[in-house]
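In this note's numbering, the protein residues as written are 1482 to 1619. Where a beta carbon is used, it is the ideal one built from N, C-alpha and C, also for glycine. Quick caveat, the model's predicted, so the values are computed rather than measured. So the structure is just underneath, and the comments pick up after that.
Structure below.
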């Protein structure tokens, strides 16, 4: 007989098992399965001051993180990091790039970089909107 267990403190290993099983199933269903990590990093005198990081999968770049150290913001570095990771993805055969943001100001920055709003989920987190943006790379 199957037993059900509900927990507010599940074991990390069990959560990882569930996550890996779902991802493996979904990737097999669409013929994917080998996401390629990709990053574009900015350094100043050897110190990391910014980066764009994500993965390539199904001919699409998913930018998961874009970060610029506070002391180096508003100088175009974020745009350069985006252009760098997009260029590498284009060279790897990607057709488009998808990026998400909870910040309206950041979403506008992505639009200035050529992204277009694809979806918007109001109150995604109470008081915050999730912006999903796409940019063609070809």
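Status (buried if at least 16 other CB within 10 Å, exposed otherwise) for residue 1573: The residue labelled residue 1573 in the question sits at position 92 within the chain shown. It counts as exposed.
Of the residues 1566, 1616, 1490, 1503, the one placed nearest residue 1522, counting alpha carbons only: Looking up residue 1522 in the chain shown gives position 41. Comparing Cα-Cα distances from residue 1522 to each of 1566, 1616, 1490, 1503, the minimum goes to 1566.
Residue range of the beta strand (DSSP E) that includes residue 1580: Residue 1580 sits at position 99 when you count from the first residue of the chain shown. Residue range 1577-1582 is occupied by the beta strand (DSSP E) that includes residue 1580.
Residue 1597 and residue 1583 closer than 9 Å at C-beta: As a first step, residue 1597 must be located in the chain shown, where it is residue number 116. As a first step, residue 1583 must be located in the chain shown, where it is residue number 102. No, the Cβ-Cβ distance between residue 1597 and residue 1583 is not below 9 Å.
Buried or exposed by the 16-neighbour rule on C-beta atoms within 10 Å, applied to residue 1616: The sequence position of residue 1616 within the chain shown is 135, counting from 1. Per the 10 Å Cβ criterion, buried.
Backbone CA spacing between residue 1585 and residue 1484 [nearest angstrom]: Counting from one through the chain shown, the residue named residue 1585 turns up at place 104. Counting from one through the chain shown, the residue named residue 1484 turns up at place 3. Just so you know, the alpha carbons of residue 1585 and residue 1484 end up roughly 45 Å apart.
Touch test, the region 1515-1530 against the region 1539-1558, Cβ-Cβ under 8 Å, three pairs minimum: Yes: at least three Cβ pairs fall under 8 Å.
Cβ-based burial, residue 1489 [other Cβ within 10 Å; buried from 16]: Numbered from its first residue, the chain shown carries residue 1489 at position 8. Exposed is the call here.
When 1548, 1593, 1578 are compared against residue 1538, the one with the closest alpha-carbon: Here residue 1538 refers to the residue found at position 57 when the chain shown is read from its first residue. Comparing Cα positions, the closest option is 1578.
Other residues of its chain near residue 1542: CB distance less than 8 Å, five sequence neighbours each side excluded: Residue mapping note: residue 1542 aligns to position 61 of the chain shown, counting from 1. Exclusion of the five residues before and after residue 1542 leaves 1519, 1535, 1536, 1566, 1567, 1570, 1575, 1577, 1578, 1579, 1618 as the residues of its chain whose Cβ lies within less than 8 Å of its Cβ.
Local Cβ density within 10 Å of residue 1549, reported as buried at 16 or more and exposed below that: As a working mapping, residue 1549 is identified with position 68 in the chain shown. The residue in question, residue 1549, is buried, as its Cβ has 16 or more Cβ neighbours within 10 Å.
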